[in-house]
Amino acid sequence: MNFKKIIDLVIEASKFIADENLINTIKNKCEIDFVTEADIKINDFLKSEFKKIDNTIGFFTEEECGQLTDPCWIIDPIDGTTNLIYGYKMCSISVGLFFNGEIQFSVVYNPFSKELFSSEKGKGAFLWNKRLHVSSRNINKSLIEIGIVSKTKKYADISFDIAKNIYKDCLDIRRVCSAALDLCYIADSRLDGYFEIQIEPWDIAAGSLILTEAGGKITCFDGDEIQFSQSTSVIASNNIIHGYLQKSINTFML
Ligand code: LIP
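What follows is the structure in structure tokens.
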């Protein structure tokens, strides 16, 4: 498959994020979770264009859910929708190709910073043409992204307890609120770790390959491999601090 064409289509899809009317047309998915007309437009645009390239590949997207098939495009048309609505320019279009049981190609594009992260399995991870590598920092020098599921407040206590415990050992914590960008930032050594008690497959599918191709590691809280068929817990890291994060988090999960 011509992945350059897929990348060009993802960049083209960002035109919908430039349209204020689409961003300001907002529906509530629940009390604290939103979808904009821009999310829908990007979802529909990518589906119709990808089908023209190969209509044998299924779709598993945030706006339509459906179910994971093999092969399958796993798409989050806008990861960080709440950020976009508030004008907090940390969001991305996230596309992963699931094939033969794993992510084989992925692209994550932040239309505001014009940063394009991409990866093909076994061929490394890139920010445009710059090869990415995770950091070699230990926990005391690490910046840790804390994921606090924003669709519900029920995980607030445990998420902040875990974050407080890790904060005492790391350099500092961050809250970007776009899991796709979080994984790309670890791949580019801007962050060193990230955890979230519940995340959706489309939030992490593309970023997971970019992270592992840059030398990082991503698992569930219990260390198992991520299954992209359902929502999951996630720990992502530069690999060096993965054991520490898993041990620290699981002291609260018992
Ligand atoms: C967001 C994730 C973020 C998480 C938020 C939300 P969305 O995805 O990227 O990590 O903390 O709850 O799920 O909803 O903007 O696509």
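Letter 10 of the sequence shown, counting from 1, is numbered 13 in my numbering, and no numbers are missing.
For each residue, glycine too, the CB sits at the ideal point set by N, CA and C.
Inter-residue CB distance, residue i and residue j (contact presumed, cutoff 8 angstroms)
i    : j    : result
G99  : A239 : Wrong, their Cβ atoms sit about 15 angstroms apart, outside the cutoff.
F224 : I161 : F224 to I161, Cβ: 11 angstroms. No contact.
S138 : D195 : 5 angstroms
V111 : C180 : Not really, about 15 angstroms apart at Cβ, beyond 8 angstroms.
F102 : P80  : About 21 angstroms; that fails the 8 angstroms criterion.
A182 : D82  : 6 angstroms
I165 : Y247 : No, I165 and Y247 are not in contact; Cβ-Cβ is about 12 angstroms, not under 8 angstroms.
The ligand COA heavy atom lying under 7 angstroms from the CB of residue i
i   : result
E67 : This structure does not include the ligand COA; its bound ligands are the ligand LIP.
Beta-carbon proximity check, residue i vs residue j, cutoff 8 angstroms
i    : j    : result
E118 : L130 : yes
S95  : L12  : no
M4   : D57  : yes
P204 : Q249 : no
G219 : A190 : yes
A16  : I60  : no
R177 : L146 : yes
T39  : L87  : yes
F231 : I9   : no
Y126 : Q107 : One detail in the question is off: residue 126 reads as Lys in this sequence, not Tyr. Going by C-beta atoms, K126 is not nearer than 8 angstroms to Q107.
Y197 : E148 : yes
N168 : S251 : yes
K50  : F62  : yes
Residues of its chain near residue i, where Cβ-Cβ distance is below 8 angstroms and the 5 sequence neighbours each way are ignored
i    : result
V152 : Y158, S162, E199, I200, Q201 and I202
Cβ-based neighbour list, residue i, same chain, cut-off 6 angstroms, excluding 5 preceding and 5 following
i    : result
S122 : S109, A128, L212, I213 and E216
D36  : K154
I20  : A41 and P114
R140 : D195
K92  : F115
For residue i: DSSP bridge partner residues
i    : result
E199 : G150 and V237
K220 : S240
F102 : E105
W76  : F62 and L100
D82  : S95
E123 : F108
Contacts around residue i, its chain only, beta-carbon distance under 7 angstroms, and the 5 residues preceding and following it disregarded
i    : result
N242 : V137, G218, G219 and K220
I244 : N141, I142, S145, D195 and G196
G69  : F62 and F63
F1   : In the structure as shown, the chain begins at 4 and stops at 257. Residue 1 is therefore absent and cannot be evaluated.
L25  : F19, T39, E40, A41 and K44
Chain D contact for residue i (CB, 8 angstroms cutoff)
i   : result
E66 : Judged by its chain identifiers, the structure shown contains no chain D, having just a single protein chain.
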